[in-house]
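Structure first, commentary second.
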Amino acid sequence: IEQLLKHPKVLALGEIGLDYHYNFSAPDRQKAVFREQMAIAARAGKPIIIHTREAWGDTLAMLREHWNGTGIMHCFS
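See below:
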């Protein structure tokens with residue numbers, strides 16, 4: 001992902017975030033991956049496109065704690 005973000009046509013990192021609706025992976029695992037994806041986007045200086053479903057509180061808390069850039073909320077409940 002980090003290499004792809006260097007391409008001039010890549011404008012953002014997404015769709016990233018938390019989705020608790022189907023419970024395909026544990027919330028703690030999703031949060032760890034989301035945190036790392038935000039770090040990758042920050043290092044690349046790219047905005048993020050956020051997907052959150054049935055995880056609004058955790059998503060906002062993570063953005064407050066780990067994100068200082070721009071982004072778009074793509075999917076939300």
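According to this note's numbering, the residues represented by the sequence shown are 1 to 77, in order.
No residue lacks a Cβ here, since even glycine has one placed at the ideal position from N, Cα and C.
Close-in-space but distant-in-sequence residues of the same chain around Glu36 (CB under 6 Å, 5 per side omitted) = Cβ-Cβ distances below 6 Å link Glu36 to nothing in the same chain once the five nearest sequence neighbours on each side are left out.
When DSSP labels each residue in this structure, what does His66 get in the three-state scheme?
-> Note: His66 maps to helix in three-state DSSP.
Gly71 in three-state terms, based on DSSP = Gly71: strand per DSSP, three-state reduction.
Taking His7 and Arg53 to be in contact with their CB atoms under 8 Å, please state how far apart those CB atoms are, rounded to whole angstroms.
-> Not quite, the Cβ-Cβ distance comes to about 29 Å (not below 8 Å), so this is no contact.
Who pairs with Thr52 in a beta bridge, going by DSSP?
-> DSSP output for Thr52 lists Leu18 as bridge partner(s).
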